[in-house]
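Asker: Chains as they are written, first to last, in this note's numbering: chain A, 1 to 294; chain B, 1001 to 1294.
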């Protein structure tokens, strides 16, 4: 039976583009004609929504998926919750796979409540989850994935500099912590594999450490990777390529500011922000196609 | 200068009770006369709020602090966000220290957005944070703590059974991962110490492993502990005592269902739910006083 990762892989193939556009809008990122309406939490949430809808319209035939960063909506309290759901709904109706980047983590009935909050209903296909609590903090999510045909991406090796002080610690077993977590992620997702061989339980693996990504890619053949760190964090298509399998599959690369705030770059400064987002998404697609020889 | 942990320690001392009551209400936990109003998300959020307000009224002179578990409000979408804020406000005005158990974790401007969402304004004195991303995922929160006089509790050794498969992994250095994280937490909070010697950056250390808690307590003299696992998860006062310093300070013990759902226990079944919560909070106070020889 097809799982959500099969559906993601099909959309990636159809568009020839393993990119997920990160929808992380901040008021200071809005063009002046929208920023002027952002006076308080309700009006800021509304301005952010308007900004984001227009970007979705312009990138929906270029990227297969969007990732909504919860923090940039929670900052507007209940107005943000409403807007986050509205944007997810808008993206779903545009045919996009929708990920909620929430990095939730808890145990027992608390994790069940998070799983219900984000994976019941039709808004989100995937959420991100933090592994620090072990399987007790994962099973409520994988149970929900099995029930509702959804997926999760579990943090393995993140793209930020200080991650190494924890994730790269060498264990007595010889593995680094991120390798140990990677093996657990493969184990946690082994019963949720789809027709493509990839599980609905994926891993977050940064583009900023290609050698480490390549080692994880080889060790975890059934685990789909969500790859942050491209663009603003310094990763390039050639770096991200380490997270892909030999057929150019098995991963999707996130870019947030590089797409939605592209209009502030000199090369796109003559364009409206939504046209700049489209051009930046096309440029990233070409970079990845070239790096992956698609 | 006093930090938030000094204020917490003062309230604990004044009430002679190192208990934080976890406000984790679920609809299936409500008494029938409230449950009957919970039909959908708005009405469920409202029923949960009414339930929780009455408990706060009855425990505010017994416990020094409450911990609000975000998951049980997020499940009601924007209605939950409104109610979570309203409960925090109600608890603050009752003189309680308020913790938001959100376990957020992210980096850079995303973590700044979370810090702003939960530590700007007057609602929450502390939030919980997950350490897996390293200092990049902590600094935005500690910066906000310094600016606003707030605090965080960072997960070190959690109370759930499967935590060991990650947190107890032995590192090449000889430390377990949770000991390594504990030392990082002490380092991250070293500039936020108050008059009592305890930092505004605390650690979550479960009551279910007293030997491990005792080892962390000895290793981390300036780190205040938030102790889950008492009651429903099996920990008793004598177990929780391992997290306290030689003066009976340095820690606060959480109890959620054991207080707010106490009315369902045989010994409290003749009481209204809020009176049962009060009696259970008093019984826990006496258990901790006895274990700590206060």
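The C-beta atom is built at its ideal place from N, Cα and C for all residues, glycine as well.
Taking 7 angstroms as the threshold (beta carbon to beta carbon), is residue 196 of chain A in contact with chain B?
Answerer: It does not; no Cβ of chain B falls within 7 angstroms.
Asker: Flag this pair as touching only if the stretch 1058-1066 of chain B and the stretch 279-289 of chain A have three or more C-beta atom pairs under 8 angstroms; answer yes or no.
Answerer: Result no; under three Cβ-Cβ pairs closer than 8 angstroms.
Asker: Rounding to the nearest angstrom, what Cα-Cα distance links residue 1163 of chain B and residue 57 of chain A in this structure?
Answerer: About 43 angstroms.
Asker: Closer than 9 angstroms, Cβ to Cβ, to anything on chain A: give me those residues from the stretch 1157-1171 of chain B, in chain order.
Answerer: Residues 1158, 1159, 1160, 1161, 1162, 1163, 1164, 1165, 1166, 1167, 1169, 1170, 1171.
Asker: Give me the subset of the stretch 134-155 of chain A whose CB atoms are less than 9 angstroms from a CB atom of chain B, sorted by chain position.
Answerer: Residues passing the 9 angstroms Cβ filter: 134, 135, 136, 137, 138, 139, 155.
Asker: What are the complete beta strand (DSSP E) segments, minimum 3 residues, inside the stretch 1059-1105 of chain B?
Answerer: Fully enclosed beta strand (DSSP E) runs of 3 or longer: 1065-1069, 1097-1104.
Asker: Quick one: what's residue 1152 of chain B bridged to in DSSP?
Answerer: Residue 1152 of chain B is bridged to B/1127, B/1201.
Asker: For the stretch 1227-1263 of chain B, which segments carrying the beta strand (DSSP E) assignment without a break, of at least 3 residues, lie completely within its bounds, in sequence order?
Answerer: Complete beta strand (DSSP E) runs here, min 3: 1251-1255.
Asker: List, in order along the chain, the chain B residues whose C-beta lies closer than 7 angstroms to that of residue 51 of chain A?
Answerer: Chain B residues near residue 51 of chain A: none, gap ~16 angstroms exceeds 7 angstroms.
Asker: Alpha carbon to alpha carbon, what distance is there between residue 1028 of chain B and residue 1254 of chain B?
Answerer: In a straight line, the C-alpha of residue 1254 of chain B is about 21 angstroms away from that of residue 1028 of chain B.
Asker: Residues in the same chain with beta-carbon distance under 7 angstroms from residue 271 of chain A, minus the five sequence neighbours each way, listed in chain order, please.
Answerer: If we look at residue 271 of chain A and ignore the five residues flanking it on each side, its Cβ neighbours are 263, 279.
Asker: Are the beta-carbon atoms belonging to residue 155 of chain A and residue 131 of chain A less than 7 angstroms from one another?
Answerer: Yes.
Asker: Consult DSSP for residue 1176 of chain B and reduce its assignment to one of helix, strand or coil.
Answerer: The answer is strand: DSSP assigns residue 1176 of chain B an E or B state.
Asker: Pick out whichever of B/1049, B/1223, B/1289, B/1115 has its Cα sitting closest to the Cα of residue 1003 of chain B.
Answerer: The shortest C-alpha separation from residue 1003 of chain B is found at B/1223.
Asker: From this set, B/1149, B/1176, B/1206, which residue's C-alpha is nearest residue 1193 of chain B's C-alpha?
Answerer: For the residues B/1149, B/1176, B/1206, the minimum Cα distance to residue 1193 of chain B belongs to B/1149.
Asker: Hey, quick one: how far does the alpha helix (DSSP H) through residue 21 of chain A stretch, first residue to last?
Answerer: Per DSSP, residue 21 of chain A belongs to no alpha helix (DSSP H); it is in the beta strand (DSSP E), 19-23.
Asker: Kindly list, in the order they appear in chain B, the residues whose Cβ is closer than 8 angstroms to that of residue 26 of chain A.
Answerer: Per Cβ cutoff of 8 angstroms: 1109, 1113.
Asker: Please list the partners that residue 253 of chain A has in chain B, where partner means a Cβ-to-Cβ separation under 8 angstroms.
Answerer: Within 8 angstroms Cβ-Cβ: nothing; residue 253 of chain A doesn't reach chain B, min ~17 angstroms.
Asker: Hey, is the stretch 1068-1083 of chain B in contact with the stretch 100-114 of chain A, meaning 3+ C-beta pairs nearer than 8 angstroms?
Answerer: Yes, they touch.
Asker: Drop a sphere of 10 angstroms on the beta-carbon of residue 261 of chain A, count the other beta-carbons inside from all chains shown, and report buried for 16 or more, exposed for fewer.
Answerer: By the neighbour-count rule (16 or more Cβ atoms within 10 Å), residue 261 of chain A is buried.
Asker: Whole angstroms is fine: what's the gap from residue 1053 of chain B's alpha carbon to residue 20 of chain A's?
Answerer: Looking at the two C-alpha atoms, the distance is approximately 43 angstroms.
Asker: Go through its chain and collect everything with a Cβ distance to residue 1115 of chain B's Cβ below 7 angstroms, but skip five positions before and after it.
Answerer: Closer than 7 angstroms at the Cβ level, and outside the excluded window around residue 1115 of chain B, lie 1140, 1141, 1144.
Asker: According to the Cβ coordinates, are residue 208 of chain A and residue 159 of chain A closer than 7 angstroms?
Answerer: The answer is yes: Cβ separation under 7 angstroms.
Asker: Report yes or no: do the stretch 184-201 of chain A and the stretch 215-230 of chain A share at least 3 C-beta pairs separated by less than 8 angstroms?
Answerer: Verdict: yes, contact present.
Asker: Any beta carbon from chain B within less than 7 angstroms of residue 127 of chain A's own beta carbon?
Answerer: Not closer than 7 angstroms to any Cβ of chain B, the Cβ of residue 127 of chain A fails to qualify, so no.
Asker: Kindly say whether residue 1105 of chain B, judged by its beta-carbon, lies nearer than 7 angstroms to any beta-carbon of chain A.
Answerer: Residue 1105 of chain B counts as touching chain A.
Asker: Going along chain A in order, which residues have a C-beta closer than 8 angstroms to the C-beta of residue 1286 of chain B?
Answerer: By Cβ distance, chain A contributes nothing, its closest Cβ being about 27 angstroms from residue 1286 of chain B, past 8 angstroms.
Asker: For residue 1170 of chain B, name the three-state secondary structure that DSSP assigns.
Answerer: Correct three-state label for residue 1170 of chain B: strand.
Asker: Just checking: is the beta-carbon of residue 1176 of chain B within a distance shorter than 7 angstroms of some beta-carbon in chain A?
Answerer: Chain A, which has no Cβ nearer than 7 angstroms to the Cβ of residue 1176 of chain B, makes this no.
Asker: Taking only the alpha-carbon atoms, compute the straight-line gap between residue 42 of chain A and residue 1094 of chain B and give it to the nearest angstrom.
Answerer: Looking at the two C-alpha atoms, the distance is approximately 28 angstroms.
Asker: With distance defined between alpha-carbon atoms, name the residue in B/1103, B/1102, B/1068 nearest to residue 1086 of chain B.
Answerer: It is B/1068 whose Cα lies nearest to the Cα of residue 1086 of chain B.
Asker: Can you have a look at residue 1037 of chain B and say buried or exposed, based on whether 16 or more other CB atoms are within 10 angstroms of its CB?
Answerer: Result: exposed.
Asker: Which residues of chain A have a Cβ atom closer than 8 angstroms to the Cβ of residue 1116 of chain B, listed in chain order?
Answerer: Those within 8 angstroms of residue 1116 of chain B in chain A are 75.
Asker: Looking only at its chain, what residues have a beta carbon closer than 8 angstroms to the beta carbon of residue 137 of chain A, apart from the 5 residues adjacent to it on each side?
Answerer: For residue 137 of chain A, where only same-chain residues beyond five positions count, the Cβ hits under 8 angstroms are 105, 106, 107, 111, 129, 130, 131.
Asker: Can you find the residues in the same chain that come closer than 8 angstroms, C-beta to C-beta, to residue 1189 of chain B, ignoring five residues on each side of it along the sequence?
Answerer: 1142, 1199, 1200, 1201, 1202, 1222, 1223, listed in sequence order.
Asker: Listing by chain order, which chain A residues have their CB less than 7 angstroms from the CB of residue 1082 of chain B?
Answerer: In chain order: 78.
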